[in-house]
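Everything on this sheet refers to the single structure shown next.
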Amino acid sequence: TQLLEQSPQFLSIQEGENLTVYCNSSSVFSSLQWYRQEPGEGPVLLVTVVTGGEVKKLKRLTFQFGDARKDSSLHITAAQTGDTGLYLCAGSARGGSEKLVFGKGTKLTVNP
Amino acid sequence: DVKVTQSSRYLVKRTGEKVFLECVQDMDHENMFWYRQDPGLGLRLIYFSYDVKMKEKGDIPEGYSVSREKKERFSLILESASTNQTSMYLCASGDPQPQHFGDGTRLSIL
């Protein structure tokens, strides 16, 4: 069974700080997706990474897919209160597969 | 604006009842999904559908069934609700993987 481990599970920081969230597995994934979920809402897809070593930027968010396609990281620069939410990573075992394996998430709180 | 719409945000039912959760998408996606989300367990796939009248079991299909009679609509059915089915239920659509989620139905079984 493929598993995705996210760390840390909880993170509370002050506005303006930088942070990194990790998503690790012993299995290889053909693609990996990051979502953000705010309280009372469904997850919103932020990015999909498909190539080992790939780096994608979305404003202050930087996503990296590991060279071996077993891990990924999300780095947020100068966090804002609006970044508060549950960050989920999810991986696809093979290209074009509909099924995703989800990590349990990192709950981020950015304090003013 | 693309949307996945779930029929209810909150639902309270009794054990033994048959429960229907409805989901509609407006993006013409082939694939639709039903997940449940529980604290400490994350999102778990119940069923997904890759075409009208076609379905495939996910990781936890026991106690659930699904129906997809039209491309835009995917229903989750709890045949005889039990208290351990109290959860947040999320519908999603996407090709091939979930790209858009609904806002969820928080279902309580008493």
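Those sequence lines, one after another, are chains A and B.
Sequential numbering from 28 applies to the first sequence in our numbering.
Sequential numbering from 4 applies to the second sequence in our numbering.
Heads up, the beta-carbon is just placed ideally off N, CA and C, and yes, glycines get one too.
task: Please determine, among Q33(A), K97(A), V48(A) and P35(A), the residue with the shortest C-alpha to C-alpha distance to T89(A).
output: V48(A)
field: Distance, S34(A) Cα to Y92(B) Cα
entry: 24 angstroms
field: Buried/exposed call for Q102(B), threshold 16 Cβ in 10 Å
entry: buried
query: Closer than 8 angstroms, Cβ to any Cβ of chain B: which residues of the region 120–133 of chain A, in chain order?
result: G123, S124, E125, K126, L127, F129, G130, K131 and G132
message: Quick check: the Cα distance between V76(A) and T8(B), rounded to an integer number of angstroms?
response: 27 angstroms
field: Short Cβ contact (8 angstroms threshold) for K60(B) with D29(B)
entry: For K60(B) and D29(B), no; Cβs fall outside 8 angstroms.
query: If we call anything under 8 angstroms between Cβ atoms a contact, is S119(A) one with Q100(B)?
result: A distance below 8 angstroms separates the beta carbons of S119(A) and Q100(B).
message: Under 8 angstroms, Cβ to Cβ, is there at least one residue of chain B near G43(A)?
response: no
message: With a threshold of 8 angstroms, are at least 3 pairs of Cβ atoms found where one atom belongs to the region 17–28 of chain B and the other to the region 73–89 of chain B?
response: yes
- request: Pull up the CB-CB distance for Y53(B) and E125(A), whole angstroms please, since I reckon it's below 8 angstroms.
  value: Yes, they are in contact, since the Cβ atoms of Y53(B) and E125(A) sit about 6 angstroms apart, within 8 angstroms.
task: Could you name the residues that DSSP lists as bridge partners for S52(B)?
output: Under DSSP, S52(B) shares a beta bridge with M35(B).
Integer-rounded CB distance, given that G79(A) should sit under 8 angstroms from G69(A): The pair is not a contact, with the Cβ atoms about 29 angstroms apart (cut-off 8 angstroms).
- request: Determine the chain E residues that contact F104(B) at a beta-carbon separation under 9 angstroms, and present them in chain order.
  value: Reference to chain E is not applicable here, since the protein chains of this structure are A and B.
message: Let me see if you follow: with CB-CB separation under 8 angstroms, is F23(B) close to chain A or not?
response: It does not; no Cβ of chain A falls within 8 angstroms.
query: So, is Y62(A) buried or exposed, given that buried needs 16 or more other C-beta atoms within 10 angstroms?
result: buried
- prompt: Going by C-alpha distance, which of N34(B), L113(B), R71(B) and G105(B) is nearest S83(B)?
  reply: L113(B)
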